[in-house]
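Undergrad: Structure below; questions to follow.
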Amino acid sequence: MAEENCTHDCSSCGVTCGDRTEPQSFIEKPNELSNVKRVIAVMSGKGGVGKSLVTALSAVLMSRQGFHVGIMDADVTGPSIPKMFGISGEVRGTESGAYPISSDGGIDVMSMNLMLPHDTDPVVWRGPIISGVVKQFWSDIIWQDIDYLFIDMPPGTGDVPLTVFQSLPVDGILVVTSPQDLVSMIVKKAVNMTEMMDIPVLGIIENMSYFVCPNCGKEHHIFGESHLPSIAAQYGLSVLGHIPIDPAIAKASDDGLIETIEGHFLDGMVDVLKKMPVKKQNL
Ligand code: ADP
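Its first residue numbered 9, the sequence shown is counted upward by one per residue in our numbering.
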């Protein structure tokens with residue numbers, strides 16, 4: 009029997025009831041003052057392939073297109089976004105929620121590092137606590153008038169990424185690989201995960217694809233020719249960009265100057281993101 013005050017909206021109801029017509033949604037409610045048009049998760053198979061770099065560059069490029077952009081650093085135990093943007097300081101809460109900290113270029117950032125007294129303090133929490141923090145980054149943070157919110161996901165397809173996909177209204181996923189990665193397995197895992205979650209993969213970005221010799225200008229494929237195009241085609245996915253290994257990129261990330269990086273290596277991704285429709289559920 010249905011509950012006495014049943015609204016017949018099974019998707020947001022937690023009651024175990026024989027009259028259920030739809031599965032319960034575990035999506036967290038955003039902060040009342042938030043307005044986020046599109047949510048994009050950036051994921052990788054393992055750490056160190058440049059997932060945070062791609063998140064940061066994607067945000068910078070979309071901001072340069074005139075959009076208001078936010079970054080949620082969901083890599084709670086290895087947060088690197090604030091450093092790349094040269095952001096420090098502690099996020100302060102108000103009665104209605106907490107405001108992210110803006111970069112020089114106006115990108116709103118929320119990260120565990122902006123809540124710690126020292127950015128060298130380790131975060132030694134177990135999965136459920138970390139997942140809880142990420143949910144709060146959505147429900148307690150005031151994401152005001154955001155056209156694109158990029159989520160720097162924890163690496164892999166474990167417990168925390170799974171909770172993020174179940175709890176946040178992610179509209180699309182960017183997968184980051186590198187030529188020395190086990191690309192085929194990572195792409196397959198990403199495809200399986202998105203099928204389970206019913207979230208589309210927008211495309212794949214290969215980082216550390218080549219190195220341009222500063223003397224002769226020739227491109228060197230240090231890790232050999234990439235297998236990514238054929239693997240991506242096998243799954244009907246697009247390769248949206250190839251980022252070179254560039255000491256200037258490493259230096260800009262280290263010096264907090266990621267917003268100064270120029271280059272056309274992610275133009276394909278920008279085009280895809282610009283065409284993304286706005287889903288009503290995020291508003
Ligand atoms: P992940 O988020 O996957 O763990 P990061 O984006 O933090 O990886 O990158 C790891 C390190 O490698 C960072 O210091 C970053 O600046 C550097 N790095 C990543 N991609 C490049 C690149 N294409 N050229 C030079 N340095 C890079």
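Glycine included, every Cβ here is placed at the ideal spot set by N, Cα and C.
1) Are the Cβ atoms of MET277 and GLY249 separated by less than 8 Å?
2) How is GLU227 classed by DSSP in three states: helix, strand or coil?
3) Can you tell which of ASP116, ASP206, ASP83 has the C-alpha that lies nearest to the C-alpha of GLU267?
4) Looking at LEU176 and TRP151, is the spacing between their C-beta atoms short of 8 Å?
5) In three-state terms, what does DSSP make of ALA240?
6) Jot down the residue ranges of each uninterrupted alpha helix (DSSP H) in the stretch 78-141, minimum 4 residues, whole runs only, in chain order.
7) Please confirm whether any heavy atom of ligand 1 lies closer than 7 Å to the CB of PRO169.
8) GLY264: which of PHE93, TYR156, GLY140, LEU65 sits nearest, CA to CA?
9) Given 8 Å as the limit, is there contact between the stretch 202-219 and the stretch 177-189, that is, 3 or more CB pairs closer than that?
10) Output the boundary residues of the beta strand (DSSP E) element that contains GLU214.
11) Does ligand 1 have even one heavy atom less than 7 Å from the beta-carbon of GLY78?
12) Below 8 Å on the Cβ atoms is my contact criterion, and I expect VAL57 with ILE159 to pass it. Report the Cβ-Cβ distance as a whole number of Å.
13) Smallest Cα separation from GLN144: which of SER52, GLY166, ASP81, TYR243?
14) Grouping DSSP H, G and I as helix and E and B as strand, with all else coil, what is VAL44?
15) Would you call ASP83 buried or exposed, if buried means 16 or more other Cβ atoms sit within 10 Å of its Cβ?
16) Check whether the stretch 64-71 and the stretch 190-197 touch, using three or more Cβ-Cβ pairs below 8 Å as the test.
17) So, with DSSP's three-state summary, where would you put GLY276?
18) With a cut-off of 8 Å on the beta carbons, I'd call VAL62 and ASP179 a contact; round off their distance for me.
19) In the DSSP assignment, find the beta strand (DSSP E) that holds ASP262 and state where it starts and stops.
20) Given the structure, does LEU61 come close to ligand 1, in the sense that its CB is under 7 Å from one of the ligand's heavy atoms?
21) Name the two residues that bound the continuous beta strand (DSSP E) containing THR185.
22) Please find out if some non-hydrogen atom of ligand 1 comes closer than 7 Å to the beta-carbon of ASP254.
23) Are VAL99 and LEU122 closer than 8 Å when you measure CB to CB?
24) Give me the residue from GLN242, ILE230, GLU233 with the minimum Cα distance to VAL199.
25) Please classify PHE34 as buried or exposed, where buried requires at least 16 neighbouring CB atoms within 10 angstroms.
26) Going by the beta-carbon positions, is the gap between THR171 and SER139 smaller than 8 Å?
27) Can you tell me whether VAL44 is buried or exposed? The criterion is at least 16 other CB atoms within 10 Å of its CB, across all chains shown.
TA: From the atom records:
1) yes
2) Secondary structure at GLU227: strand, using DSSP grouped into helix, strand and coil.
3) ASP116
4) The Cβ-Cβ distance between TRP151 and LEU176 does not fall below 8 Å.
5) ALA240 falls in the helix class under three-state DSSP.
6) 89-93
7) no
8) PHE93
9) Segments in contact, yes.
10) Segment 209-214, the beta strand (DSSP E) holding GLU214.
11) no
12) VAL57 to ILE159, Cβ: 16 Å. No contact.
13) ASP81
14) strand
15) buried
16) Proximity of the stretch 64-71 to the stretch 190-197 falls short of the contact definition, fewer than three beta-carbon pairs being nearer than 8 Å.
17) Here DSSP, grouped into helix, strand and coil, assigns GLY276 to helix.
18) So it is not a contact: roughly 17 Å between Cβ atoms.
19) First-last for ASP262: 255-262, but that is the alpha helix (DSSP H), not the beta strand (DSSP E).
20) Here the distance from the Cβ of LEU61 to the nearest heavy atom of ligand 1 is below 7 Å.
21) Counting along the chain, the beta strand (DSSP E) containing THR185 begins and ends at 180-185.
22) At least one heavy atom of ligand 1 is nearer than 7 Å to the Cβ of ASP254, so yes.
23) yes
24) Minimum Cα distance to VAL199 is reached at GLN242.
25) exposed
26) yes
27) With 16 or more Cβ atoms within 10 Å of its Cβ, VAL44 is classed as buried.
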